[in-house]
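Its first residue numbered 26, the sequence shown is counted upward by one per residue in our numbering. Just so it is clear, CB atoms sit at the ideal spot from N, CA and C, and this is done for glycine as well.
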Amino acid sequence: LSNATSVTKSPEANHLEKCPDDPPELVGPLRIVFDEEQSMEQLVELNTYVEFGGHYKPPDCIPLQRIAIIIPFRNREHHLRHWLYYLHPILRRQQGEYGIYVIEQAGENTFNRAKLLNVGFVEASKENNYDCFIFSDVDIVPENDRNLYRCSQNPRHLACAMDKFGYKLPYTGYFGGVVAFTKEQYLKINGFSNNYWGWGTEDDDTYKRVTLSGMSVDRPDRNVGRTKMIRHQRDKGNEVNEKNYVVYNRMKYTRNQDGYISLKYSLIKIEKNQLFTKITVDIGKPP
Ligand code: UDH
C-alpha cells in the first residue's frame, strides 16, 4: 500500500470548460495611436499575465486554438514595442493560447519576409503543438478586438481594411499584412515561397497558392477588420525588387518545389524575453 500513489488532480482543472466562441471581455473598437512609446520594462510591468517567452494560456477555460504569432523582423525595435503594447492585452481578451515569435534576419543581406515566415512556422512548431499560425507584420495593429486572431475554415486575412488603403482592400486579391493559417492549410500550400528577396509580390504569391490549392480566403467584416499601420520609410536592405515579378510569373510551375519543403536556413540564436521569443537566423542571400 505504501507504494500506491494516487494522483489527485485539482477539481478545477477537471471542470474547466471550453472557452466560448465569443470571448466575453471584448470591447470592440479601440483607439490606436503610435505617439507615445513604452520602454520594455514598462511593457513587462503592464503585462504580468504573460509567461516568459511571450506565452499565454487563459486560466479559466480551455482555449479553442493554440496560436503561434510569427513576426518577420529586422531593426524595428520601436515598432515591436508598439505592437507588444497593443497586442498582448487584445490577445488575452480573445482567450486563445498563444506564443509570440519574432523571427529576426541576421546580417545585412536583402530582406526576405516570406522565408522568415517559413522559419517561424518550423521553429514555433518545435516548441509547442500549435494548430494555428498567424503571420503578422510588426507595424500593424488591429483597431477592433473583435478581429479575432484565430484560424478559420479557409486561410484568413486579418488586415483586410488597413488605414493606409482607406480601410478597404487595395485590390481583390490583396492578402498582405496579417494572415492566419491552420497547420493543415499552411502545409497544403507548401508554405510560402523562399524566393522573394526585397520588397514586393510575395503576398500575391501566397494568395495564388491559396486559390490554386482550391481554398478561398476568409475575411472579417470591413468594420471589424480595420487595422492601423505605423508610418515609416522603406527600410535599407528591403528595396523594391523587379525580379520578384519574374518569380511571381513562374510560381504556378515552381510552387510545389519552392516553399516549406525546400526551406534551408541556419539557426543562430533563440532568445527568450518576457514578452516574446526572438529567433535569429541566417537565411542566406539572393542568388
Ligand atoms: N521588416 C522588418 N525589417 C525590415 C524590413 C521589413 O522588420 O528591414 C518586416 C516588418 O515586420 C514589416 C514587414 O517586414 O512590417 C513588411 O515590410 P514593410 O513594412 O517594408 O512593408 P510595407 O509594405 O511598407 O508595410 C513598404 C514601405 C513603405 C515606404 C513608404 C514610403 N513613403
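Asked: Endpoints, alpha helix (DSSP H) assigned at I115; Found: 102-119
Asked: Which residues DSSP lists as bridging P54, in chain order; Found: N169
Asked: Supposed contact pair C86 and Q120 - C-beta distance, whole angstroms, cut 8 Å; Found: 7 Å
Asked: Bridge partners - M254, DSSP secondary structure assignment; Found: I165
Asked: DSSP-derived helix/strand/coil call for S291; Found: strand
Asked: For E168, the nearest candidate out of N153, S177, R175, C185 (CA to CA); Found: C185
Asked: Nearest-angstrom Cα separation, counted from Y174 out to I115; Found: 9 Å
Asked: When E50, S150, V69, E61 are compared against E209, the one with the closest alpha-carbon; Found: S150
Asked: Under the three-state DSSP convention, the category M240 falls into; Found: coil
Asked: Local conformation of K34 per DSSP, three classes; Found: Reliability of the predicted coordinates at K34 is poor, the pLDDT of 48 falling under 50, and the value obtained from them is presented with this limitation in mind. Here K34 sits in coil by DSSP.
Asked: Where E66 sits in the DSSP three-state scheme; Found: helix
Asked: Buried versus exposed, by CB contacts within 10 Å (16 or more), E50; Found: exposed
Asked: DSSP three-state assignment for Q282, whether helix, strand or coil; Found: coil
Asked: Straight-line Cα distance separating A139 from P97; Found: 8 Å
Asked: When R171, Q282, H107 are compared against R234, the one with the closest alpha-carbon; Found: Q282
Asked: DSSP state of A139 mapped onto helix, strand, coil; Found: helix
Asked: With 16 other Cβ atoms within 10 Å as the buried cut-off, status of P245; Found: buried
Asked: Candidates Y232, Q178, F217, of which the one nearest Y196 by Cα; Found: Y232
Asked: Q90 (DSSP reduced to helix, strand or coil); Found: coil
Asked: CA-to-CA distance, I295 to F77, given in whole angstroms; Found: 13 Å
Asked: Selection from D230, D170, M65 that minimises the alpha carbon distance to G53; Found: D170
Asked: Presumed contact (8 Å Cβ cut-off) between I304 and E129, rounded CB distance; Found: 7 Å
Asked: Terminal residues of the beta strand (DSSP E) in which E209 lies; Found: Unbroken run through E209 is the alpha helix (DSSP H), 208-213; no beta strand (DSSP E).
Asked: Reduced DSSP category for A149 - H, G, I as helix; E, B as strand; rest coil; Found: helix
Asked: Chain-order list of residues whose beta-carbon lies under 8 Å from that of L41 (same chain, five-residue window excluded); Found: D85, C86, I87
Asked: Those residues, in chain order, that have a beta-carbon closer than 5 Å to some heavy atom of the ligand UDH; Found: P97, F98, R99, R101, F136, R138, D162, V163, D164, R259, D260, N263
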